[in-house]
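Report on the structure given below.
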Amino acid sequence: MTEFADRLAARAEREGLLDVAYATLDTPLGTALVAATPRGLVRIALPNSDLERVLAELAEDLSPRVLEYPARLDDARRELDQYFDGKRERFEVPLDWELVHPGFYRRVLRETARVPFGEMITYRDAAQRAGNPRAYRAAGSALGLNPIPIVVPCHRVIRSGGEIGNYGGGPEMKRFLLELEHAL
Amino acid sequence: MAEALPPFQAFLDEHLESVRAFLRGMVGPTDAEDCLQETFLAALRAYRRAEPANLRAWVLTIARHKAIDHHRSRARATPVPDPEELIDRREGAQRPPDGALGMSPRHSEVWAAVAELPPGQRAAVVLRFAVDLRYREVGEALGTSEEAARRNVHEALKKLRASARDLKEMAR
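As given, the protein sequences belong to chains A and B, one line each in that order. Be aware that the first sequence starts at 0, since it is given in numbering that gives the first Met the number 0, and climbs by one per residue. Be aware that the second sequence starts at 0, since it is given in numbering that gives the first Met the number 0, and climbs by one per residue.
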């Protein structure tokens, strides 16, 4: 990041012009992207994502006023670093649910956010907790579209047969996270 | 469907160097960075209403207005009674410090001559040669036709050639 861009972003932040700030983050899985609005963490793109495309989607879905500004993501990045180091089990940064369709999808993800470190539930459990036990397929879709993976731990939701099931970052990534939490 | 605006960061990365080159030509390297900051901050403020089809012309227009503001505020801020002093100050302000931009003294003289051009011609010649735009693009950035842009650059070059001749005479 250039000094010019950094000064510009800092000024934009002070003047309330920075709708979406983002930063990159090195993880054991590769480089991830984290983004926040003034309300909270809004997006985590897993290391296998096309980052340019993720930024274009943020511009379209939230606001085109998107700038790299790591300072707004200091807390989120610290918590994620600690999580990957095995030193944190709960995330405390505020979340912005703007990218999640309000209603059933948002309820599924809010319930998923309550599943504790190292525990697992099934898609059916997630659907039930969100108020509609028969909608486990819809629950699967909601989890598949989770914009804030890891912090909203969709990796803790698995198939009822015991298979770990799909994951946005690929099943290996899901297995890695569950092993990190000693859940498997 | 309307074309989507790119993330501001991508827009900034794409146009920063062009706008910087333009502003260096318009206000000199010393003040260019401040104008650059003001330009992109104003662009960010207005970005949601920007026209995605020609963002370069859009941001260069903002930069041109910032350069005009800059010259106006400087004119207001430094009332100088003595014309001799005024000339000295203007030269001091326009002439980059030694070594800036890797310019030779010869280059500085060219830039000092560019600074003497009327604002429209100055903008046109800087866009054509420092930012390296085609005449059609110069016209878009200045809100004129391609023909008018070509004419402005042509007039500017005539004046610059004349001052180069004067310089040679003086050196003799």
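Yeah, the Cβ is synthetic: ideal placement off N, Cα and C, and Gly gets one too.
Are any of the Cβ atoms in chain A nearer than 7 Å to that of proline 118 of chain B?
-> no
Residues of its chain near glutamate 180 of chain A, where Cβ-Cβ distance is below 7 Å and the 5 sequence neighbours each way are ignored | Phe116, Gly117
Simplified DSSP assignment, three categories, for glutamate 50 of chain B = coil
In three-state DSSP terms, what is glutamate 83 of chain B?
-> Here glutamate 83 of chain B scores only 48 on pLDDT, less than 50, and its place in the model should not be relied on; the value that follows carries that caveat. If DSSP states are grouped into helix, strand and coil, glutamate 83 of chain B belongs with the helices.
Which residues in the same chain as asparagine 53 of chain B place their Cβ atom closer than 7 Å to its Cβ, once the five residues preceding and following it in sequence are excluded?
-> Glu139
Closer than 7 Å to chain A by CB, arginine 44 of chain B | yes
Spell out the partners DSSP gives glycine 39 of chain A in its beta bridges.
-> A:Thr36
Check each candidate in B:Ala20, B:Ala9, B:Asp12, B:Leu15 and name the one with the smallest Cα separation from phenylalanine 128 of chain B.
-> B:Ala20
Run of the beta strand (DSSP E) containing glutamate 67 of chain A, from where it starts to where it stops = 65–67
Taking the alpha-carbon positions, what's the phenylalanine 39 of chain B to histidine 70 of chain B distance?
-> 18 Å
Residue nearest to phenylalanine 49 of chain A in terms of C-alpha spacing, selected from A:Leu32, A:Glu178, A:Asp18 | Just to set this straight, residue 49 of chain A is aspartate in the shown sequence, not phenylalanine. When only C-alpha atoms are compared, the closest one is A:Leu32.
Cβ of alanine 3 of chain B less than 7 Å from any chain A Cβ?
-> yes
Hey, quick one: how far does the alpha helix (DSSP H) through leucine 24 of chain A stretch, first residue to last?
-> Where leucine 24 of chain A is concerned, there is no enclosing alpha helix (DSSP H), although the beta strand (DSSP E) it sits in stretches over 19–26.
With a cut-off of 7 Å, does the C-beta of proline 63 of chain A fall near any C-beta of chain B?
-> yes
How long is the line joining the alpha carbons of alanine 9 of chain B and threonine 1 of chain A, rounded to whole angstroms?
-> 13 Å
Under the three-state reduction of DSSP, which class applies to alanine 112 of chain B: helix, strand or coil?
-> helix
Would you verify that the beta carbon of leucine 98 of chain A is, or is not, closer than 7 Å to some beta carbon of chain B?
-> no
Would you call the segment 87–98 of chain A and the segment 26–44 of chain A in contact, with 3 or more CB pairs under 8 Å?
-> yes
May I ask you to list, following chain order, the residues of the segment 11–33 of chain A that have a beta carbon less than 7 Å from some beta carbon of chain B?
-> Ala11, Leu16
Applying a beta-carbon distance threshold of less than 8 Å, which residues of chain B neighbour arginine 6 of chain A?
-> Gln36
Can you tell me whether DSSP reads valine 156 of chain A as helix, strand or coil?
-> strand
I think phenylalanine 103 of chain A touches alanine 70 of chain A, with their Cβ atoms under 8 Å apart; what is that distance to the nearest whole Å?
-> Actually they do not touch by this definition, with Cβ atoms about 35 Å apart.
Close-in-space but distant-in-sequence residues of the same chain around serine 162 of chain B (CB under 8 Å, 5 per side omitted) | Ala112, Glu115
Taking the runs of the alpha helix (DSSP H) that are 4 residues or longer, which of them lie wholly in the segment 7–32 of chain B?
-> 7–26
Secondary structure of alanine 74 of chain B, DSSP reduced to three states | helix
Check each candidate in A:Arg109, A:Tyr122, A:Leu177 and name the one with the smallest Cα separation from valine 151 of chain A.
-> A:Arg109
Which residues DSSP lists as bridging leucine 214 of chain A, in chain order | Outside the shown range of chain A, which is 0 to 183, sits residue 214 of chain A, and nothing can be said about it.
CB-CB under 6 Å to valine 107 of chain A, same chain, minus the five flanking residues each way: which ones, in chain order?
-> Ala125, Ala129, Ala138, Ala141
Examine chain B for any beta-carbon lying closer than 7 Å to the beta-carbon of alanine 9 of chain A, and answer yes or no.
-> no
Over what stretch of residues does the alpha helix (DSSP H) that includes alanine 137 of chain A continue unbroken?
-> 135–143
Return yes when the Cβ of isoleucine 43 of chain A is within less than 7 Å of the Cβ of proline 148 of chain A, no when it is not.
-> yes
Within 10 angstroms of its Cβ, does lysine 167 of chain B collect 16 or more other Cβ (buried), or is it exposed?
-> exposed
Tell me, please, which residues DSSP counts as bridged to glycine 164 of chain A.
-> Answer by DSSP bridge pairing: none, since glycine 164 of chain A is not bridged.
Can you list, in chain order, the residues of its chain whose CB lies under 8 Å from that of phenylalanine 83 of chain A, leaving out five sequence neighbours each side?
-> Thr26, Pro27, Leu179
Under a Cβ-count criterion, where at least 16 other Cβ atoms within 10 Å of its own Cβ denotes burial, should asparagine 47 of chain A be classed as buried or exposed?
-> exposed
Glycine 168 of chain A versus A:Ala58, A:Arg6, A:Leu176, residue with shortest Cα-Cα distance = A:Leu176
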